[in-house]
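Per our numbering, the very first residue in the sequence shown carries number 579; after that it's consecutive. Even glycine gets a Cβ: it sits at the ideal position worked out from N, Cα and C. Please read the structure below before turning to the comments.
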Amino acid sequence: ADKVMYTWAGPEIAVATTKAYSAQLVAQYLLAIKFAQVRGKVTEAEVGEMLRDLKKLPDQVEMLLSHKEKKFANRFIAAKDIFFIGRGIDYAISMEGSLKLKEISYIHSEAYAAGELKHGTISLIEDGTPVVAVATQDALLKKTISYGWTSAMQQATVQLGKIAVQAIVNTMGVNAMAA
579 ADKVMYTWAG
589 PEIAVATTKA
599 YSAQLVAQYL
609 LAIKFAQVRG
619 KVTEAEVGEM
629 LRDLKKLPDQ
639 VEMLLSHKEK
649 KFANRFIAAK
659 DIFFIGRGID
669 YAISMEGSLK
679 LKEISYIHSE
689 AYAAGELKHG
699 TISLIEDGTP
709 VVAVATQDAL
719 LKKTISYGWT
729 SAMQQATVQL
739 GKIAVQAIVN
749 TMGVNAMAA
C-alpha cells in the first residue's frame, strides 16, 4: 500500500474487538466526509454538522449502556438463541452485534436481512426467543418496521403465541416493547 491510515484504537482488552471496530467505523466516516468535501458534495455547514454529530457519539453510547439497558440485557441472559435483523447497513451492524454477542456470551445468535426473516427463518424462532431489529437509518425505519419487523413478528406471534422481545435500535435510542 502506498498510504496507511492508522486508527490508533489501542490494545483490545476482550475477545470482541468493539474498540477496533468502532475506531474503523469512525475513520471510514471521516474519510467519507473528506472525499465528499473534495468532490464538492457537501457544504462546510454540513461537514460541521456531521462532525458535531460524531462528537455526540460517546454520550450516545453511554446512554445505551445505562442501567436501563443493563436490566434489559439481564432479562435475556438465559436465552439460548437470539436473532438480529437489519436492512442495508443495519444488516451489517446486525451481523457485528450478533458476532459480539456470540464472542462474549456464548449464546447462539444469527443476523438476517430484515426482509428475509419471514422467508423460512421465522421457523427458527421459538416461544420466548429474543429478536432485535436494528434500524439506524431514518429513511429505512418505516420499511424495516413494516416489512422486516412487524410482518415477521405478527407471523411469529400467530405461530408461537408470544415473542420475548421486540426491540428497535434507532437514532433516537433503544425502544423495547414486550409482545
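Put simply, of G698, S644, I611 and L643 the residue whose alpha carbon is nearest the alpha carbon of D631 is I611.
In this structure A713 is buried. Its beta-carbon is surrounded by 16 or more other beta-carbon atoms within 10 angstroms.
F654 carries a coil assignment under DSSP once its states are collapsed to helix, strand and coil.
If you look at S683, you'll find it in the alpha helix (DSSP H) that goes I667 to S683. 8 Å or more divides the Cβ of V593 from the Cβ of I660. Residue pairing by DSSP puts Y690 in a beta bridge opposite I663. Residue pairing by DSSP places V639 opposite no residue, since no beta bridge is assigned to it. For V625, there is no enclosing beta strand (DSSP E); the enclosing alpha helix (DSSP H) has its first and last residue at E622 to K633. If you look at A711, you'll find it in the beta strand (DSSP E) that goes V709 to V712. Residues of the same chain with a CB within less than 8 Å of the CB of G666, apart from the 5 flanking positions on each side, are Q715 and L718 in chain order.
Between A598 and A587, the CB-CB gap stays under 8 Å.
Three or more beta-carbon pairs separated by less than 8 Å are not found between the region 637-645 and the region 683-693, which leaves the two stretches without contact. For the options A657, I591, D668 and K619, the alpha carbon positioned closest to that of Y690 is the one of D668. For S672 and K619, the gap between their C-alpha atoms comes out near 29 Å.
With respect to G664, A711 sits close: the two C-beta atoms are nearer than 8 Å.
The C-alpha of P708 lies about 43 Å from the C-alpha of A579.
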